[in-house]
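There are 2 protein chains.
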Amino acid sequence: MSRHAKSQVANKPRFDPLQNVKKGDAAYHAVRRSILLGHTQPGETFLEQRIAEQLNCSQGTVREVLLRLEQDGLVLRRGYRGTVVSTTSIQEAAQMVEIRIQIESTGARQSTMSIGRDILAELAAITNDMDEAVRNLDFYRCSELDRAFHMTLFHQAALPSLEPILNRCALHIHRFTYLNAEEMEPELSFGDNHRALLEVIQSRDPAAAAKSINSHIGHVIERWAPNLMEELNRIHKHESAPLR
Amino acid sequence: MSRHAKSQVANKPRFDPLQNVKKGDAAYHAVRRSILLGHTQPGETFLEQRIAEQLNCSQGTVREVLLRLEQDGLVLRRGYRGTVVSTTSIQEAAQMVEIRIQIESTGARQSTMSIGRDILAELAAITNDMDEAVRNLDFYRCSELDRAFHMTLFHQAALPSLEPILNRCALHIHRFTYLNAEEMEPELSFGDNHRALLEVIQSRDPAAAAKSINSHIGHVIERWAPNLMEELNRIHKHESAPLR
DNA sequence: CTGGTTATTATTATCGATATCAATAATGAA
DNA sequence: TTCATTATTGATATCGATAATAATAACCAG
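Read top to bottom, the protein sequences are chains E and X.
Counting in the working numbering, the first sequence runs from 1 upward without gaps.
Counting in the working numbering, the second sequence runs from 1 upward without gaps.
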């Protein structure tokens, strides 16, 4: 028996031995989930001590969580006076989409050339998990898996310092879409969209891949946030930048 | 005498009474400065305890600092094994420029319409401080004031959730430029460029302002990182997106 | 020797207590 | 009463100590 396992049994393990995650990470996801699902609305304030109680951890750990969420742009810290949940305007969401398309087009072009069989399999697996999440009507998991798909693909482009920006934009777009949608029933087209995208990527044509991911993003917005699509069209009238 | 001042005198103030800044902020800027100036090179690792000693603060405070720097993309945290300084490739820098132009064009268009006399004065003041920094050959302060100028201008666009992204891109571009430049003597053209930009903004023509800020960014890159400009041109050959 | 188990070490992760801060309520002299 | 000054309160910011972790060194049966 290894020393590691022994110490966990001997002196009361503080973390769940089953899922070896850091407490701070768990707390981060818990709070982020609450924000993304609109369980805590924009404008509401978090208090470090209270969250610490609710999540069974210390103030310092919560502090770290709120710091991370601030960098994600999901909360605003007002030193000594609490941390409030931020809001995303449609103008901001539209800009996030522009940035996202800029980044992911480049990413798709790059990835197409270097992507291997193993990654394609991983992407397919994520897509299958997504079908499962859709069947369970679990929007949050859908949103996480969607980001995982796009981030995994982009990771192949080997532009690591852009990954946090992409992740951040995707996060804001998901929140905007979810909080503003009339109805939000996940549907199987999610997975099918990604599978179609994978087909094109496998064809190894960089330009086609870039075009394909752009139209993928466009379709999703058209379907779930038509008002955001209108905003994008309005913008393009004034500055003539290409969406797809 | 206020209670605040009294308590500071009575029981040994922990913070410098002269500049009432939070210790964490001071530490953040100290470490960031060290990275931006290349004083600590990409690949070097930070240890929380050591930094804490050097900066005369506790490990927890340093932790917070490194967390922030990770979100800035300047370091990479490898849990339990130290925090290493990241690097920025020319491809990444080029993408950052694209994003920056995307954001700042929109910002300039918006700001032009809502900007007031007070903000114009503040921008002019920042520009004057920059002249001073140039005279002192203080590159870091130049870089900070340049970001302050652009961020102050963009703040008027009222798109707060995009501000951290812009700041982050500007940060990376500055670092790339500084670490890759042959010579890096600040020169007075910095301030003059900004003054010319202010002229155009005062004319209240959104399209002109957007065009002007694009060419401003272009000029700066052309002057200080010609190889980055080449990379941008190479990109545009393939995807036909407008730089200026 | 040799390969796997067990200490050691260096470092991050977490906690609980205390200091500091900003807002507001209480106080009291003019 | 009024308003400047002084507590009080509820929150964050910081600290110092301890626990968990990963890498590596020491150990020892075969």
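For every residue, glycine included, the Cβ atom is placed at its ideal position computed from N, Cα and C.
Quantities reported herein were computed from a predicted structural model and do not represent experimental measurements.
Item: Best match in X:Val65, X:Pro42, X:Asn136 for proximity to X:Ile51 [C-alpha to C-alpha]; Value: X:Val65
Item: Among X:Leu188, X:Leu228, X:Ser114, nearest to X:Ser89 - alpha-carbon criterion; Value: X:Leu228
Item: Proximity test, Cβ basis, 9 Å: E:Thr177 and chain X; Value: no
Item: Proximity to E:Val134 [Cα-Cα], best of E:Asp192, E:Met151, E:Arg168; Value: E:Asp192
Item: Best match in E:Glu122, E:Asp129, E:Thr106, E:Gly73 for proximity to X:Leu162 [C-alpha to C-alpha]; Value: E:Gly73
Item: Per-residue contacts from X:Ser86 into chain E (C-beta, under 8 Å); Value: Pro160, Ser161
Item: For E:Val75, the residue or residues it bridges with in DSSP; Value: E:Val85
Item: Chain X within 9 Å of E:Pro42, Cβ atoms only; Value: no
Item: Uninterrupted alpha helix (DSSP H) stretches inside the segment 110-135 of chain E (no shorter than 4 residues); Value: 117-135
Item: Contact list for E:Arg81 against chain X, beta-carbon separation under 9 Å; Value: Neighbours of E:Arg81 on chain X: none; closest Cβ ~14 Å, over 9 Å.
Item: Neighbour flag for E:Cys169 against chain X, beta carbons, 9 Å; Value: yes
Item: Other residues of its chain near X:His219: CB distance less than 7 Å, five sequence neighbours each side excluded; Value: Asn193
Item: Residues that E:Thr106 contacts on chain X, provided the C-beta gap is smaller than 7 Å; Value: Gln95
Item: Straight-line Cα distance separating X:Lys237 from X:Phe190; Value: 29 Å
Item: Minimum Cβ-Cβ distance from X:Arg234 to chain E less than 9 Å; Value: no
Item: Neighbour flag for X:Gly73 against chain E, beta carbons, 9 Å; Value: yes
Item: Nearest residue (CA-CA) to E:His29, options E:Ser58, E:Pro42, E:Arg68; Value: E:Arg68
Item: Length of the line joining the Cα atoms of X:Glu48 and X:Pro164; Value: 25 Å
Item: Minimum Cβ-Cβ distance from X:Gln102 to chain E less than 9 Å; Value: yes
Item: Among E:Asp205, E:Glu187, E:Arg223, E:Met151, the one whose alpha carbon lies nearest that of E:Asn136; Value: E:Glu187
Item: Cutoff 9 Å: X:Gln202 Cβ touching any chain E Cβ; Value: no
Item: The segment 54-72 of chain E: positions lying closer than 9 Å to chain X by Cβ; Value: Gly60, Arg63, Glu64, Leu67, Arg68, Glu70, Gln71, Asp72
Item: Nearest candidate by alpha-carbon position, reference X:Ala196, set X:Ala181, X:His216, X:Glu182, X:Tyr178; Value: X:His216
Item: Proximal chain X residues relative to E:His172, where beta-carbon distance stays under 8 Å; Value: Ser161
Item: Terminal residues of the alpha helix (DSSP H) in which E:Asn233 lies; Value: 226-239
Item: For E:Thr45, three-class secondary structure by DSSP; Value: strand
Item: Limits of the alpha helix (DSSP H) - the one that X:Pro160 falls within; Value: Looking at the DSSP string, X:Pro160 is not in any alpha helix (DSSP H), and its letter there is neither H nor E.
Item: Limits of the alpha helix (DSSP H) - the one that E:Glu144 falls within; Value: 139-155
Item: Proximity winner among X:Lys22, X:Gln41, X:Asn180, relative to X:Val255 (alpha-carbon distances); Value: In the structure displayed, chain X extends from 1 to 244; residue 255 of chain X sits before or after that span and is not available.
Item: Run of the alpha helix (DSSP H) containing E:Ser34, from where it starts to where it stops; Value: 23-36
Item: Limits of the unbroken alpha helix (DSSP H) element including X:Leu188; Value: Looking at the DSSP string, X:Leu188 is not in any alpha helix (DSSP H), and its letter there is neither H nor E.
Item: Close Cβ partners of E:Asp131 (< 6 Å) along its chain, the five nearest in sequence each way excluded; Value: Gly191
Item: Three or more C-beta pairs below 8 Å linking the segment 104-117 of chain X and the segment 104-114 of chain E; Value: no
Item: Rounded C-alpha distance that separates E:Asn167 from E:Leu153; Value: 12 Å
Item: For E:Ile126 and E:Arg149, believed in contact at Cβ under 8 Å, the rounded distance; Value: A small fix is needed here, since residue 149 of chain E is Phe in this sequence, not Arg. Rounded, the Cβ-Cβ distance is 5 Å, consistent with contact.
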